[in-house]
Amino acid sequence: MVKGKALKEVEKTESFSLSVLVIYILLILFCLIVISPLLIVFSSSLREPGNMQSPLNLFVQFSLKSYRTAYSKMNYPMQLLNSIMTTGGSVVVIVLFASMASYPVARIKKGLSKGLYYFFIAGLVIPAQMVIVPIAQIFGGLNIPNTRFTPMIMFITCSLPFSTFLFTGFLKGVPAEVEESAFLDGANLWQRYRQIVFPLLKPATVSVIITQSLWIWNDYFFPMVFISKSSQYSLPVGMIQFLGDRENPAQWNVLFAACVLCALPLIVMFTFLQKQFINGIAAGAVKG
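Per my numbering, residue 18 is the first one in the sequence shown, and the count goes up by one each step.
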């Protein structure tokens, strides 16, 4: 009897160890698939622009010439400033408007509130790229100039539905009783929002900031359409010049170096905000 139990325990341990081993192998393979393109990009960026060896030959050369070429041809400081202004300005407006819009939507229990909520949700269905032509015609009819601030209108408009949805889902999990004392003390709607509600939205706010910053920073479509001066280009638009054409072949090593330079600010930001980002996503999932 004892031997039978011991044998079963051994078989159970072996099967458990085998399943764990298979899971680890699959995870390692997945990590290799994800990391391999990044290694190829980083390895190629460390080559000289004229080095056309196979990109699969990793780290055969260590040179910063491609970085210097990308830095100078992109006018990196100016394009970095343009990206920071566009992303930062858009995110500030998105957080402010989306949080204010979600407050009455989450608190008012009437048909109009639900209608507004579904109105914002409907904005998630239609991508802006499908209606970019009439939008550009409207901008032209309104005499809106093509500057670095013009794409911000599109970024804010396209981000408001998702951001409002996220804020509303988080606010629905926050009990309204937390505002009662302020209401009894005579605080008006704006004071309750600014002093009580908005501080409680910190996890959702961090999530909105990071998710929308990633999209706005990496987007090149709207700046390419609505910006006419090269001095006002953002970093993703500046990288397009290295793709080349029929007469000028693509400068792949320089392009990879430009990709690294473009992603570097995001990597630094995520390094400092990863804890808040994870907490915000987790809290938003629980509250929603």
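Ideal Cβ placement from N, Cα and C applies to all residues, glycine included.
All values derive from a computational prediction rather than experimental measurement.
Nearest residue (CA-CA) to Leu56, options Tyr250, Leu183, Val277, Arg85
Val277
Quick check on DSSP: helix, strand or coil for Arg165?
coil
Nearest neighbour of Ala275, chosen from Gln70, Leu49, Met91 [CA to CA]:
Closest in C-alpha terms to Ala275, from the list Gln70, Leu49, Met91, comes Met91.
Separation of Phe166 from Ile244, as counted between CA atoms
Distance from the CA of Ile244 to the CA of Phe166, rounded to the nearest whole angstrom, comes to 9 Å.
Throw me the rounded Cβ distance for the Val271 and Ser83 pair, which I believe falls under 8 Å.
5 Å
Nearest to Ala280 (by Cα), restricted to the options Met69, Gln96, Ile40, Cys48
Gln96
Any chance you could list the alpha helix (DSSP H) runs of at least 4 consecutive residues sitting entirely within the segment 38-77, in chain order?
none
Just tell me which of Ala118, Ile149, Gln146, Leu113 has its CA closest to the CA of Ile138.
Ala118
Tell whether a beta-carbon distance below 7 Å holds between Val110 and Ile173.
yes
Could you name each continuous beta strand (DSSP E) segment of 3 residues or more that falls completely within the segment 199-272, going from the start of the chain to the end?
none
Contacting residues, own chain, Cβ-Cβ under 7 Å from Tyr120 (five flanking each side not counted):
Leu188, Tyr210, Val214
Taking its Cβ as the centre, do 16 or more other Cβ atoms sit within 10 Å of Met171, making it buried, or is it exposed?
buried
Using three-state DSSP, classify Ile125 as helix, strand or coil.
Ile125 falls in the coil class under three-state DSSP.
So the candidates are Ala204, Leu201, Ala199, Ile226; which of them puts its Cα closest to the Cα of Thr181?
It is Ile226 whose Cα lies nearest to the Cα of Thr181.
Assign Ile143 to one of three DSSP states: helix, strand, or coil.
coil
When DSSP labels each residue in this structure, what does Pro361 get in the three-state scheme?
Because the chain in this structure spans residues 18 to 305, residue 361 falls outside the shown range and cannot be described.
What are the boundary residues of the alpha helix (DSSP H) that Ser83 is part of?
82-91
Taking the C-alpha atoms as reference points, what is the distance between Ser116 and Phe184?
Their backbone Cα atoms lie some 6 Å apart in a straight line.
Neighbourhood of Leu260 by C-beta, 8 Å cutoff - its chain only, sequence neighbours within 5 removed:
Ala267, Leu272
Whether Leu309 touches Ser107 by CB criterion (7 Å)
This structure cannot settle anything about residue 309, because the visible part of the chain is limited to 18 through 305.
Beta-carbon proximity of Trp232 to Thr104, cut-off 7 Å
It is not a contact, given that the beta carbons lie outside the stated cut-off.
Given a cut-off of 7 Å on the beta-carbon distance, is the pair Ser176 and Gln212 in contact?
no
Out of curiosity, what's the CA-to-CA distance linking Phe156 and Ser248?
Distance between the alpha carbons of Phe156 and Ser248 is about 21 Å.
Between which two residues does the alpha helix (DSSP H) harbouring Phe156 extend?
149-158
Just to confirm before moving on: does the CB-CB distance between Tyr134 and Val122 stay below 7 Å?
yes
Is the CB-CB distance between Val223 and Tyr237 below 7 Å?
no
Which class does Val19 belong to by DSSP, given the choice of helix, strand or coil?
With a pLDDT of 48 at Val19, under the threshold of 50, the predicted position of this residue should be treated as unreliable, though the coordinate-derived value follows. Residue state, collapsed to three classes: helix.
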